[in-house]
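> In our numbering, the protein residues as written are 141 to 240. Virtual Cβ for every residue (Gly too), placed ideally from N, Cα, C. This is the structure I have questions about; it appears just below.
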């Protein structure tokens with residue numbers, strides 16, 4: 141079943157997350173549970189990253205797909221969830237290229 145979370149509450153939690161110097165595991169878990177993407181460990185890892193600019197990139201992607209995740213449309217929700225999962229792999233690829 142596709143969740144239909146309170147978009148205003150999600151946006152407020154995103155703003156709270158942005159104001160933190162370090163990731164808050166409980167807040168991340170709450171947002172992911174509310175959106176029904178709690179099993180997306182790859183994206184969760186991006187949100188828990190200690191490097192602020194990488195966390196900010198992940199949260200911007202979440203905001204980009206927030207409409208799809210809260211629309212109630214199963215196809216849009218699935219595509220958004222899969223796209224967010226791919227962010228982890230793109231970041232890993234960029235980090236690997238930077239090391240070369």
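1. Counting Cβ pairs closer than 8 Å, one from the stretch 173-190 and one from the stretch 219-233, do we hit at least three?
2. Identify the continuous alpha helix (DSSP H) that holds residue 156 and give its terminal residues.
3. Less than 8 Å between the beta carbons of residue 201 and residue 167, yes or no?
4. Using three-state DSSP, classify residue 231 as helix, strand or coil.
5. Excluding the 5 residues flanking residue 156 on each side, which residues of the same chain have their C-beta closer than 7 Å to its C-beta?
6. Tell me whether residue 195 sits in a helix, a strand or coil according to DSSP, three-state version.
7. Is the beta carbon of residue 187 less than 8 Å from the beta carbon of residue 198?
8. Which residues in the same chain have their Cβ closer than 6 Å to the Cβ of residue 144, if we skip the five residues on either side of it in sequence?
By the coordinates alone:
1. yes
2. Position 16 of the chain shown holds residue 156. Its alpha helix (DSSP H) spans residues 147-158.
3. Position 61 of the chain shown, counting from 1, holds the residue named residue 201. Position 27 of the chain shown, counting from 1, holds the residue named residue 167. Result no, Cβ atoms of residue 201 and residue 167 do not sit closer than 8 Å.
4. Mapped onto the chain shown, residue 231 falls at position 91. Here residue 231 sits in helix by DSSP.
5. Translated into the one-based positions of the chain shown, residue 156 becomes position 16. 167, listed in sequence order.
6. By 1-based counting over the chain shown, the position of residue 195 is 55. Residue 195: helix per DSSP, three-state reduction.
7. Mapped onto the chain shown, residue 187 falls at position 47. Mapped onto the chain shown, residue 198 falls at position 58. Cβ atoms of residue 187 and residue 198: closer than 8 Å.
8. Translated into positions along the chain shown, residue 144 becomes position 4. For residue 144, where only same-chain residues beyond five positions count, the Cβ hits under 6 Å are 212.
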